[in-house]
Amino acid sequence: MKARVTVMLKNGVLDVQGEAVRHALGTLGFAGVEGVRQGKVIELDLAETDAAKAEADVKAMCDKLLANTVIESYRVEIL
Numbered sequence: 001m002k003a004r005v006t007v008m009l010k011n012g013v014l015d016v017q018g019e020a021v022r023h024a025l026g027t028l029g030f031a032g033v034e035g036v037r038q039g040k041v042i043e044l045d046l047a048e049t050d051a052a053k054a055e056a057d058v059k060a061m062c063d064k065l066l067a068n069t070v071i072e073s074y075r076v077e078i079l
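For the sequence shown, UniProt numbering begins at 1 and goes up steadily by one.
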């Protein structure tokens, strides 16, 4: 079973990398970009066959390691 985790900075947290990308896009002539939020995607191959158990396990992984829940939010997809 596969899982995909999308981690993003929470609203209100300054996204320095996203702002740098927005600025670079403007420099390259893409003037219509008003904002960029940059995050990360993590794909996991899991031995678990029960989707509910897999989702619970991945959420625990996010809470303990994959996301800094103070400043980041995450979304888990079981594929």
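All C-beta atoms in this analysis are idealised placements derived from N, C-alpha and C, irrespective of residue type, glycine included. Given the structure is predicted, the values throughout are model-derived calculations rather than measurements.
Could you compute how far the alpha carbon of residue i sits from the alpha carbon of residue j?
| i | j | result |
| --- | --- | --- |
| Val41 | Leu66 | 10 Å |
| Val76 | Ala52 | 11 Å |
Looking at C-alpha atoms only, which residue of the options is the closest neighbour of residue i?
| i | options | result |
| --- | --- | --- |
| Lys2 | Arg75, Ala54, Ala31 | Ala54 |
| Asp15 | Ile71, Glu77, Ile78 | Ile71 |
| Gly12 | Thr27, Arg37, Tyr74, Ile78 | Arg37 |
| Gly39 | Leu79, Gly26, Thr6 | Thr6 |
How far does the alpha helix (DSSP H) with residue i in it reach, from first residue to last?
| i | result |
| --- | --- |
| Arg22 | 16 to 27 |
| Ala3 | Careful: Ala3 lies outside any alpha helix (DSSP H), inside the beta strand (DSSP E) at 2 to 9. |
| Val76 | It is not in any alpha helix (DSSP H) - Val76 instead sits in the beta strand (DSSP E) that spans 72 to 78. |
Where do the N-terminal and C-terminal ends of the beta strand (DSSP E) with residue i fall, by residue?
| i | result |
| --- | --- |
| Asp45 | 40 to 45 |
Counting only the same chain and skipping the five closest in sequence on each side, list residues whose C-beta sits under 6 Å from that of residue i.
| i | result |
| --- | --- |
| Ile78 | Ala3, Ala51, Ala54, Glu55 |
Inset, instruction - Check whether the segment 17 to 26 touches the segment 47 to 60, counting contact only when three or more Cβ pairs, one atom from each stretch, lie closer than 8 Å. - result: No, because fewer than three Cβ pairs between the segment 17 to 26 and the segment 47 to 60 fall closer than 8 Å, the two stretches do not touch.
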